[in-house]
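*Asks:*
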Amino acid sequence: MPRTFNIPRFYESPIISTVKASRRSMDTRKRDLSPSVLDFGPVRFKIARHFGFCYGVENAVEIAYRALEENPNKRIFLLSEIIHNPRVNENLRYNGVQFLSDTEGNPLLPFDVLVPEDVVIVPAFGTTLEVEKELNARGVTLSSYNTTCPFVEKVWKRSQEIGKQDYTVVVHGKRYHEETRATFSHAQAEAPVVVVRDLAEAKELTKVIRGEADADFFFEKFEDRYTEGFHPDTHLKRIGVVNQTTMLATETQAIADLLRQAIIARYGEENIADHFADTKDTLCYATKENQDATLALIAEGGDVAVVVGGYNSSNTSHLVELCEDRLPTYFVRDAEEMLSPKRIRHLSLETKQVQITEDWLPTQHPNGNPIDIVLTAGASCPDILLDEVLRRIVGWFPDTRSVEDVLAPYE
């Protein structure tokens, strides 16, 4: 029996949560990746099989609200955003939680404000050993409400394990994302570490591994992304690859395969076990499920895709990338970004800026077919946000079927 979490009801959705629960009951082994279809008549929604709050996020949200419930007379702080979703963070602020830093690690409040009696919550991304040490020195405990995702902790543990075996840890991630900062800190306690952002950077690293580029090349290409004392001539002889759990799982595997081939080219396939650690067990199942479900979703086709999530959400941005390869795609924070059938405010991954696009939503097909909306969300997105997006779009179409009729197959 999968663990269930005590999540505030206001994050649930009468429509989306009903569909998700129905799909779980009909497909307990999660083998059916076909999208759910909600047919309102003139507009039809194709919804990903897997999306929204994952295990680690539900765990974090439950712990954060439990901290509020159990400590009505104490000050409560978060090291940074609990997850990358503005609705959730804004609600915690509304309930009195104070944030010590932003997502880049810049201080919002000095640690000097803390006293041992304060409650400090560790976000789902975890935190660095340096922060832990500083707060422990002030008498502040982090163990009571530590919401670090178990799959992130698994990456830390495996990194330290291979580090003790004299492997260098190669992290596929965004160097200054909260999770990668934390992974870098925990891994470097036992191992040299270098971070690669994507497949292109991994290819640069293979040049060094193969002996085609020297140390100066490495230090220039990977400036500020390796541990102190790192030297490529020594520390790239034995490596293992782990990832920031929100990255594209397929890209992590491609990077691992690429680096493995470089090791084989340098040291011979017969010696691969001495130079390349097997770390496949560190990939986050929830991230991969969401990405696989998104691929199955867009394979079904549609007129336009809407992906819902926080604009600083890494896992959501990767779902957007997958959708953009196949159809017009709009990355929105919530329904308020959908200004009208003519205008939408959304984040452009290319420019990293929020922009307004005109004439984004087709309103009718010449052949009379319904408009198909491909709909999914990041792992930190509450169901209620998709419900609000869906209802706003439905409200722009005349003569739609009732919600009760649309949900009948899922009840």
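Take the sequence shown: its letter number 298 is residue 391 in the working numbering, and every next letter is one higher. Each residue gets a CB set at the ideal place from its N, CA and C atoms; glycine is no exception. The structure presented is a predicted model; accordingly, all values stated were derived computationally and were not measured.
May I ask you to report which of helix, strand or coil DSSP gives Leu440?
*Replies:* To locate residue 440, count along the sequence shown from 1; it is residue 347. Leu440: strand per DSSP, three-state reduction.
*Asks:* With a threshold of 7 Å on Cβ separation, who are the neighbours of Leu454 within its own chain once the five nearest residues in sequence on each side are excluded?
*Replies:* Position 361 of the sequence shown, counted from the start, is the residue given in the question as residue 454. Closer than 7 Å at Cβ, skipping near neighbours: Val397, Pro434.
*Asks:* When you compare only the Cα positions, how much space is there between Thr375 and Val335?
*Replies:* For the purposes of this step, residue 375 is taken as residue 282 along the sequence shown, with counting starting at 1. For the purposes of this step, residue 335 is taken as residue 242 along the sequence shown, with counting starting at 1. Spanning the two alpha carbons is a distance of roughly 7 Å.
*Asks:* Tell me whether the beta-carbon of Thr240 lies closer than 8 Å to the beta-carbon of Ile175.
*Replies:* By one-based count along the sequence shown, residue 240 stands at place 147. By one-based count along the sequence shown, residue 175 stands at place 82. Yes.
*Asks:* CA-CA distance, Glu254 and Arg484?
*Replies:* Locating residue 254 in the sequence shown gives position 161, counting from the first residue. Locating residue 484 in the sequence shown gives position 391, counting from the first residue. Glu254 and Arg484: Cα-Cα distance of roughly 49 Å.
*Asks:* Taking the Cβ atom as the reference point for each residue, do Ala389 and Ser115 lie within a distance shorter than 8 Å?
*Replies:* Working through the sequence shown from its first residue, we reach residue 389 at position 296. Working through the sequence shown from its first residue, we reach residue 115 at position 22. Cβ atoms of Ala389 and Ser115: not closer than 8 Å.
*Asks:* Checking 8 Å against the spacing of the C-beta atoms, do Phe192 and Arg231 come in under that value?
*Replies:* Along the sequence shown, one-based indexing puts residue 192 at 99. Along the sequence shown, one-based indexing puts residue 231 at 138. Their beta carbons are not under 8 Å apart, which means Phe192 does not touch Arg231 by this criterion.
*Asks:* Decide if Gln581 is buried, meaning its Cβ has at least 16 other Cβ atoms within 10 Å, or exposed.
*Replies:* What the structure shows of the chain is the stretch from 94 to 504, and residue 581 is not part of that stretch, so it cannot be assessed.
*Asks:* When you compare each of Thr493, Ile477, Tyr503 to Val181 by their alpha carbons, which one comes out closest?
*Replies:* Counted from its first residue, the sequence shown places residue 181 at position 88. The residue with the shortest Cα to Cα distance from Val181 is Ile477.
*Asks:* Who are the near neighbours of Glu451 in its chain, counting only those whose CB is closer than 7 Å to its CB and skipping five residues on each side?
*Replies:* As a working note, residue 451 is residue 358 in the sequence shown. Short of 7 Å from the beta carbon of Glu451, and not among the five residues preceding or following it, lie these beta carbons of its own chain, in chain order: Lys435, Arg436.
*Asks:* If you draw a straight line from the alpha carbon of Ala355 to that of Ile302, how long is it in whole angstroms?
*Replies:* The sequence position of residue 355 within the sequence shown is 262, counting from 1. The sequence position of residue 302 within the sequence shown is 209, counting from 1. Taken atom to atom, the span from the alpha-carbon of Ala355 to that of Ile302 is near 6 Å.
*Asks:* According to the Cβ coordinates, are Ala386 and Arg137 closer than 8 Å?
*Replies:* Taking the sequence shown and counting its residues from 1, one reaches residue 386 at position 293. Taking the sequence shown and counting its residues from 1, one reaches residue 137 at position 44. No, Cβ-Cβ distance for Ala386 and Arg137 is not below 8 Å.
*Asks:* I'd like to check one pair, Leu172 with Val213: are the Cβ atoms closer than 8 Å?
*Replies:* Taking the first residue of the sequence shown as 1, we reach residue 213 at position 120. Taking the first residue of the sequence shown as 1, we reach residue 172 at position 79. Cβ distance < 8 Å, so Val213 and Leu172 count as in contact.
*Asks:* Can you tell which of Phe277, Ser278, Thr320, Val263 has its C-alpha closest to the C-alpha of Lys296?
*Replies:* The residue you call residue 296 lines up with position 203 of the sequence shown. Checking every option, the nearest Cα to that of Lys296 belongs to Val263.
*Asks:* Would you call the CB atoms of Thr221 and Ala157 closer than 8 Å?
*Replies:* Along the sequence shown, read from residue 1 onward, the residue named residue 221 stands at position 128. Along the sequence shown, read from residue 1 onward, the residue named residue 157 stands at position 64. Cβ distance not < 8 Å, so Thr221 and Ala157 don't count as in contact.
*Asks:* Using only the alpha-carbon positions, how far apart do Asp309 and Arg359 sit?
*Replies:* Walking along the sequence shown from the start, residue 309 turns up at place 216. Walking along the sequence shown from the start, residue 359 turns up at place 266. Rounded to the nearest angstrom, the two C-alpha atoms are 19 Å apart.
*Asks:* Nearest-angstrom Cα distance between Val286 and Gly266?
*Replies:* Numbered from 1 along the sequence shown, position 193 holds the residue referred to as residue 286. Numbered from 1 along the sequence shown, position 173 holds the residue referred to as residue 266. Taking the straight line joining both Cα atoms gives about 12 Å.
*Asks:* Give me the DSSP bridge partner(s) of Gly333.
*Replies:* Here residue 333 corresponds to residue number 240 of the sequence shown, with the count starting at 1. DSSP output for Gly333 lists Val262, Ala370 as bridge partner(s).
*Asks:* Is there contact here, the stretch 459-471 with the stretch 139-155, by at least three beta-carbon pairs under 8 Å?
*Replies:* yes
*Asks:* Once DSSP output is grouped into helix, strand and coil, what is the label at Asn364?
*Replies:* For this step, residue 364 is matched to residue 271 along the sequence shown. Helix.
*Asks:* Helix or strand or just coil, what does DSSP make of Lys139?
*Replies:* Looking up residue 139 in the sequence shown gives position 46. Strand.
*Asks:* Taking just the CA atoms, how far does Glu210 sit from Pro421?
*Replies:* On the sequence shown, residue 421 is found 328 positions in, with the first residue counted as 1. On the sequence shown, residue 210 is found 117 positions in, with the first residue counted as 1. Cα to Cα, the separation comes out at about 51 Å.
*Asks:* For Asp465, list the residues DSSP reports as bridge partners.
*Replies:* Walking along the sequence shown from the start, residue 465 turns up at place 372. Paired residue(s): Arg137.
*Asks:* In this structure, does DSSP put Asn152 in helix, strand or coil?
*Replies:* Taking the first residue of the sequence shown as 1, we reach residue 152 at position 59. Of the three classes helix, strand and coil, the one that applies to Asn152 here is helix, per DSSP.
*Asks:* Please name the residue in Ala293, Asn364, Lys300, Pro179 whose C-alpha comes closest to that of Ala347.
*Replies:* Along the sequence shown, one-based indexing puts residue 347 at 254. Closest option to Ala347, judged by alpha-carbon separation, among Ala293, Asn364, Lys300, Pro179: Ala293.
*Asks:* Among Thr339, Ile357, Arg318, which residue has its Cα nearest to the Cα of Lys330?
*Replies:* Numbered from 1 along the sequence shown, position 237 holds the residue referred to as residue 330. Nearest option by C-alpha distance: Ile357.
*Asks:* What runs of the alpha helix (DSSP H), each 4 residues or longer, lie entirely inside the stretch 279-324?
*Replies:* 292-302, 308-314
*Asks:* Helix or strand or just coil, what does DSSP make of Pro107?
*Replies:* Looking up residue 107 in the sequence shown gives position 14. Pro107: coil per DSSP, three-state reduction.
*Asks:* Lys123 to Glu393, Cα distance in whole Å?
*Replies:* Counting from one through the sequence shown, the residue named residue 123 turns up at place 30. Counting from one through the sequence shown, the residue named residue 393 turns up at place 300. So the two alpha carbons sit approximately 18 Å from each other.
*Asks:* Identify whether Leu171 lies in helix, strand or coil by the three-state DSSP scheme.
*Replies:* If you number the sequence shown from 1, residue 171 lands on position 78. Three-state result, Leu171: strand.
*Asks:* Per DSSP, what are the beta-bridge partners of Tyr187 in this structure?
*Replies:* The residue you call residue 187 lines up with position 94 of the sequence shown. Answer by DSSP bridge pairing: none, since Tyr187 is not bridged.
*Asks:* Ends of the beta strand (DSSP E) at Gln446?
*Replies:* Against the sequence shown, residue 446 aligns to sequence position 353. 446-451 is the extent of the beta strand (DSSP E) around Gln446.
*Asks:* What I want to know is whether the C-beta of Pro434 ends up closer than 7 Å to one or more non-hydrogen atoms of the ligand SAH.
*Replies:* Within the structure as shown, the ligand SAH is missing, as the structure has no ligands at all.
*Asks:* Taking 8 Å as the threshold (C-beta atoms), are Tyr238 and Pro475 in contact?
*Replies:* Walking along the sequence shown from the start, residue 475 turns up at place 382. Walking along the sequence shown from the start, residue 238 turns up at place 145. Not in contact: Pro475 and Tyr238 (Cβ atoms no closer than 8 Å).
*Asks:* Does Val496 come out as helix, strand or coil in the three-state DSSP assignment?
*Replies:* Within the sequence shown, residue 496 is the residue found at index 403, counting from 1. Val496: helix per DSSP, three-state reduction.
*Asks:* Which partner residues of Ser129 appear in the DSSP bridge assignment?
*Replies:* Here residue 129 is taken as the residue at index 36 of the sequence shown, counted from 1. Ser129 is bridged to Ile140.
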